[in-house]
Amino acid sequence: MASSSKHALQPTLSGKEYVPHIIVLLTDGASNTGPPPLIAAQQAVERGVRIYTIGFGTTKNSVMDCGTSLADNTYLSPGLESYSGGGSFGTEPDEATLKQIAEMTGGKFYSATSAHELQMVFQDLHNYIALTNQTREVSVFFVALGTMLAITSLILSFLWHPLL
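When we follow this note's numbering, the leftmost residue of the sequence shown carries the number 36, and every step to the right adds one.
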């Protein structure tokens with residue numbers, strides 16, 4: 036669980052640090068590898084990253100069909116069409132830690148025990164995650180470049196073919 040947060044905060048190969056504004060952490064159990072989750076959450080706080088946590092699982096052994104019902108969900112990345120998912124297992128997300136991570140970072144905790152509940156979580160996340168479109172004026176650069184080229188061509192023209 037914490038390992039995915041850690042990797043999201045690593046510098047990119049170009050040496051510039053890429054910090055997303057949010058992380059959606061979907062887990063089916065307690066952390067069993069990587070740094071402690073609360074340390075990773077503190078790093079996110081220091082970088083201004085909100086973490087929305089989703090605990091997905093149940094304490095009872097049950098079949099969780101996660102394939103066909105999630106394949107049509109527009110909030111998930113493409114590629115789930117052939118995923119059969121599911122299986123019989125029992126797991127218990129560490130809800131206390133997930134709630135603390137969400138609270139520390141200004142995110143929100145969700146719990147889902149079925150594919151339908153997970154779909155509802157993703158639909159609710161849509162209310163918190165928004166894309167913004169920004170319009171930037173770039174024609175100034177082209178006007179300046181064109182003006183410089185025109186002036187340069189006039190100067191070169193006078194140098195090659197003087198009027199006197």
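No residue lacks a Cβ here, since even glycine has one placed at the ideal position from N, Cα and C. In this text, all values refer to a predicted model and were calculated from it rather than measured experimentally.
Nearest candidate by alpha-carbon position, reference residue i, set the options
i: ILE57; options: PHE91, ILE136 and GLU130; result: ILE136
i: ALA143; options: VAL84, SER66, GLY64 and ALA65; result: Just to set this straight, residue 143 is Lys in the shown sequence, not Ala. Minimum Cα distance to LYS143 is reached at VAL84.
i: ALA75; options: GLY92, THR140 and THR93; result: THR140
i: LEU73; options: SER188, ALA147 and GLU138; result: GLU138
i: ASP63; options: GLN77, THR93, LEU180 and ALA79; result: THR93
DSSP state of residue i mapped onto helix, strand, coil
i: GLY141; result: coil
i: SER192; result: helix
i: ILE86; result: strand
i: ALA75; result: helix
Neighbourhood of residue i by C-beta, 8 Å cutoff - its chain only, sequence neighbours within 5 removed
i: ALA65; result: MET36, GLU127, PRO128, ASP129 and THR132
i: ILE147; result: As written in the sequence, residue 147 is Ala, which differs from the Ile given in the question. Counting only Cβ-Cβ distances below 8 Å, and skipping sequence neighbours, we find ILE89, GLY90, PHE91, LEU153, MET155 and VAL156.
Neighbourhood of residue i by C-beta distance below 7 Å, restricted to the same chain and skipping five residues each side
i: GLU81; result: none
Cβ-based neighbour list, residue i, same chain, cut-off 6 Å, excluding 5 preceding and 5 following
i: LEU60; result: ILE86 and THR88
i: ALA179; result: none
(message) Does the region 145-161 come into contact with the region 170-186, if we say contact requires no fewer than three beta-carbon pairs (one atom in each stretch) closer than 8 Å?
(response) no
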